[in-house]
Amino acid sequence: MSRRGTAEEKTAKSDPIYRNRLVNMLVNRILKHGKKSLAYQIIYRAVKKIQQKTETNPLSVYVKQYMESLRV
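Shown next as structure tokens:
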């Protein structure tokens, strides 16, 4: 029998600009060598490019693609 208690489940925090948990989870996936600010820059540049090309809300595009990937 283990003497340790069960670990508490952590919830993802939201990112500072879009206030979206999925964006923060994506940043944590991209994160390399602890450089979170660089990961945020990469994501925000990509979001800006999506907005310029599609003329729609880039976060809705990301959420739609994320949900489709869960279905597979």
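Heads up, my numbering is the position in the sequence shown plus 405, with the first residue counted as 1.
Cβ atoms here follow ideal geometry from the backbone N, Cα and C, with glycine treated the same way.
Beta-carbon proximity of residue i to residue j, cut-off 9 angstroms
i	j	result
Lys415	Asn429	no
Ile455	Ala444	no
Helix, strand or coil at residue i [DSSP, three-state]
i	result
Tyr381	Residue 381 is absent from the structure shown; the chain starts at 406 and stops at 477.
Arg408	coil
Glu460	coil
Leu436	coil
Glu414	coil
Burial state of residue i, where buried means 16 or more other Cβ atoms lie within 10 Å
i	result
Ile422	exposed
Tyr350	Any question about residue 350 goes unanswered here, given that the chain covers just 406 to 477.
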